[in-house]
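What follows is a single structure, written as C-alpha cells, with notes after it.
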Amino acid sequence: MQTYSEPLTSLFSAFSASERQQIEQALAIVDLIPDDSHYHYPKGVEVAAILMGFNVDLNTILAAILSDPRLVDADIKKQFGDTVANLVKDVVWLNKLAVYSPEMMNKPHQAETLRRMLLSMTQDVRAVLVKLAYRIQLLRNLAHVSYDDRHFIAQETLDIYAPIANRLGIHQFKWELEDMAFRYLDPATYRQIAKSLAVNRVQRENCVNNFIHLLQSTLAEEGVNCECYGRPKHIYSIWKKMQRKQLPIEELYDLLAVRVIVDNLAHCYTALGIVHNLWQTIPKEFDDYIANPKENGYQSLHTVILDSDGNRIEVQIRTQDMHDYAELGVAAHWSYKEGGKQTAAMEQSVATLRKLLEEKHPADSVDENFRNELFGDRVYVLTPAGKLIDLIKGATPLDFAYAIHSEVGHRCRGAKVNGRIVPLTYALKSGEQVEILTAKDGAPNHNWIDPNLGYLKSHRAISRVKSWFGNQKQTEKIAAGKAILDKECHRLGIKNPNLTEAISHFKQADTDALLEAIGKGLINSRQLAAFLKVPELEDAHTNVKQKKAAAKSVISVAGIDNVQTSLAHCCSPVLGDDIIGYISHHHGITIHRKNCKNITQLNVEKQMQLIAVSWAVEKTSHAVPIVIQAYNAQNLLNNVSHILAQAKVHIFSATLSSNPDLSGELNMSIQIQNTQQLSQVLDKITQLPNIIEVRRQV
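Just so it is clear: in the sequence shown, position 262 is 360 by our numbering, and no numbers are missing.
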C-alpha cells in the first residue's frame, strides 16, 4: 500500500511537535484508505495542503485530512476529540449535499437560500472554510471529468461557493474559485483576456510589489505610518468589469490595485498628494468617497496612476476605521456587491475566522466563537422537485405546506419527510425533503391555530388559517342574511327587491356586505320591512293614514273608469297635474306625474308598461307634501295652520325643525283637491313674514 503522509510532513513544520504528532496520526489513518482515485494524494490531504497557506489552526487541518466518507469505521471522536469529530461530520455532509440545480442561475432568491442553508447547517464555520478548500481542490482536477459535469460544477461554484467565500472575507479563495470556474464555463473568453494581459500574473504581482516598496519608503520619509498591500486583478473580475462598463480590456483603468491604510484622516490626503507627485495620474478616475461617501456608508480615496512602465494601478487610501467599516460593518464588501444583509452572527463569524487566519496560535475562546449559528433562526428544506423553502426555526410540515400555497395548506392531511410519514407537528430540520399529502376538498382544522398544540409556528401560516375561518363565517352570515331577506320579501309580496337602493340606503359596500349585515342582525327585520315598504316605481304604497283620509281618486284609464289605480307617493300627483299610468306587477296601475323622475328615467323596455290616463270629473282630494322655509320659525306652524284652516285644507302631518339662529323648516302633508287650490294656498303662505321659500315637495 502506498504511503502519502511523508511527502506532506514538511508542510506542517509550523506546528509544535505534539501537534505534528496528531497530524501524522490523521495521515496514518488516511494511508489505510484504498487509493481508488485518479489523484496522487487522497482529497483530504490535498485540501489540508491548500489550507496550510492560510495559517489555520490544528483542528481545521485535522478535519480537512479526515473528511473522507470512506472513513466510516474510524473513531475520530475518540482519537481527536469532539471538535474535530463535529467538523468532519459537517464537512462530509457539505461534500455530499446535492441541492443545486442550473435553474438557480436565473433565480437569485433560490441561490441565496441555498447559501444560507449551507451556512446554517454547519455547527462550526470552519467547516465551510474546509468545504471551500475542497471545492478548490475539485476545480484544480476538473479536467478529468466530463464536459457536462465540468460545466455544472463550475456554474455551482460561481452561484454558491464564490459568494460564500466573499461573504466570509476569504478573498483569496473567492478569486481562485471565480477564475477556475470561469475558465471552464467560457474557456475562449478566459484565454482571450489572459492573452490580452501584457504580463503574466507573477510579473503583475512584481509590478504591484515595486509600487508598494516605493510608496512605503516615501511615506515613511514624510512621517506617515501606513500598511500597504495589493493584488493584481483576476481574470473573472476583469471580465465582470468589462461586462458592467461595456468596455474592452484596453480601456479598463484598474487591472492592478493597491490598498493603503493610514493612521488618520489627514494622512489620507497626505498619502494621496505623494501618490500624485510620484506618478502620472488619470484625472477622470479620481473619486473622493471620504468627502462624498457612497450610499452604503463606504469611505475611501480612489485614484488611478501610470507607473514608469505604463501599467495602470488603482490606489485606495483609507484609515483603519474606514477599512474595518468597509470589511465588517454595514458597508461590508459582500453586502455592497451582493445586496445582502449583514447580521451580528455573520459579523462575529467573519471576525473570528479572520482572527484564525491571522494568528498562529488563536486563543481557546476562538473555538467557542466558531460554534455560533449564522442563521440559527431559520430552517431550509426542500420540495420533492428540489426547490428550497426558507422557514422559521421550529417550522412544521404544515408551515411548509402554507409556504408553498394557501390551498396546499388548507387541504393538507399528512406529510412525508425524507420519504417517511411524520406528524404535522414535527419540527423540520434544514436539508430535509418534505412532501405534503393533500385531500381533494380539504379545509383547515381549528386545532391548527391553537398555540399549545404546535401545528403552526409562522405568523403567515396562522393568519392564512384565521382568514379562512373568517371567510367561512362571512359566507354563513351572507347565507343567513339572504334567507332573512327572502322571507321578508315573501311576507310583503315583493318578488324583485331593489338591492342597489338597499345598499345605498343602509350604507353598505356591496350586495355581500348588505346580506352579511342582515345576517349579523346589524339590519333587523323591522328596518328591512320599513325600507321594502317605501313606495317605488314597481311597488308603490301610499301612507296608510293618507289613504284613509283622502277621498277616492277617480282616474280614467284609456277612457275606462273604475280601473284599480293608486297614486304614486314619489311625485304625489294632484288633480290638474299632467299624469301617466304605469302598469305595476303587484298593485295595478300606478299614477305618476309625467315629469316624475321615475318616469323620465325608465329604460326602453319598461316604457312599454306606460299607459295613457286622465283625471275623471268626480271631485276628489289628494295628499300633497309641501316644504316651508323661514328666517324665524317662531309661530310658523301656528300661522300656517291658520291659513290652511281658512282655506278648509286638512293637515295630514306636520314636522317643524328649527336651528339655533331661530331659522327653521316646516314639512307638511296637506289635503288638496286640485292644482289651482294648491297654488292659492302656497301664495298665501308666501305672504307670511320671515318666509324664505314655499314649495311643493317633488
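Cβ coordinates follow ideal geometry from the N, Cα and C atoms, glycine included.
- In this structure the region 720–735 touches the region 747–763; the number of beta carbon pairs closer than 8 Å is three or more.
- Within the region 720–778, the alpha helix (DSSP H) runs of at least 4 residues that lie entirely inside it are, in chain order, 734–744.
- Between G579 and L613, the C-beta gap is smaller than 9 Å, which places the two residues in contact.
- DSSP, read as helix, strand or coil, puts T368 in helix.
- When DSSP states are grouped into helix, strand and coil, I621 belongs to the coil group.
- Take K175, set aside five residues on each side of it, and the residues of its chain with a beta-carbon closer than 7 Å to its own are A183, in chain order.
- Separation of L275 and L256 (C-alpha to C-alpha, rounded to the nearest whole angstrom) is 7 Å.
- Annotation: the continuous alpha helix (DSSP H) that includes A263 extends over 260–265.
- Runs of the alpha helix (DSSP H) lying entirely within the region 530–613, each at least 4 residues long, are 557–590, 597–603 in chain order.
- Closest in C-alpha terms to F152, from the list K692, A112, W191, P261, comes A112.
- At a Cβ-Cβ threshold of 9 Å, Q769 and G674 do not count as neighbours.
- In this structure I519 is exposed. Its beta-carbon is surrounded by fewer than 16 other beta-carbon atoms within 10 angstroms.
- For E325, the three-state secondary structure derived from DSSP is strand.
- Cβ neighbours of H544 within its own chain (closer than 8 Å, five residues either side excluded): F567.
- Residue pairing by DSSP places T401 opposite V413 in a beta bridge.
- Distance from the CA atom of K564 to the CA atom of W191, rounded to whole angstroms, is 39 Å.
- Counting along the chain, the unbroken beta strand (DSSP E) around T663 starts and ends at 663–665.
- The criterion of a C-beta distance shorter than 9 Å is not satisfied by Q707 and G686.
- When only Cα atoms are considered, A225 and R357 end up about 30 Å apart.
- In the displayed model, K514 falls within a strand according to three-state DSSP.
- In the structure shown, the three-state DSSP call for V360 is strand.
- Pairing L217 with C366, the inter-Cα distance amounts to about 37 Å.
- The criterion of a C-beta distance shorter than 9 Å is not satisfied by G529 and L522.
- N516 counts as exposed, since fewer than 16 other C-beta atoms from the protein chains shown sit within 10 angstroms of its C-beta.
- Straight across, the Cα-Cα distance linking I380 with S315 is about 23 Å.
- By the criterion of at least three beta-carbon pairs nearer than 8 Å, the region 243–263 is in contact with the region 194–211.
- In the three-state reduction of the DSSP assignment, S670 falls in the coil class, being assigned neither a helical nor a strand state.
- The Cβ neighbour count for L551, taken over all protein chains shown within 10 Å, is under 16; the residue is labelled exposed.
- By the CB criterion at 9 Å, E586 and A627 fall inside the cutoff.
- Straight through space, the alpha carbons of E505 and P671 are spaced by roughly 60 Å.
- According to the DSSP secondary-structure assignment, H690 is paired through a beta bridge with I678.
- By the Cβ-count criterion, V143 is buried, with 16 or more other Cβ atoms from all chains shown falling within 10 Å of its own Cβ.
- For W273, the three-state secondary structure derived from DSSP is helix.
- Taking C-beta atoms as the reference points, A369 and I415 count as a pair closer than 9 Å.
- The C-alpha of A124 lies about 18 Å from the C-alpha of K229.
- Between the C-alpha atoms of A286 and T481 there is a straight-line separation of about 37 Å.
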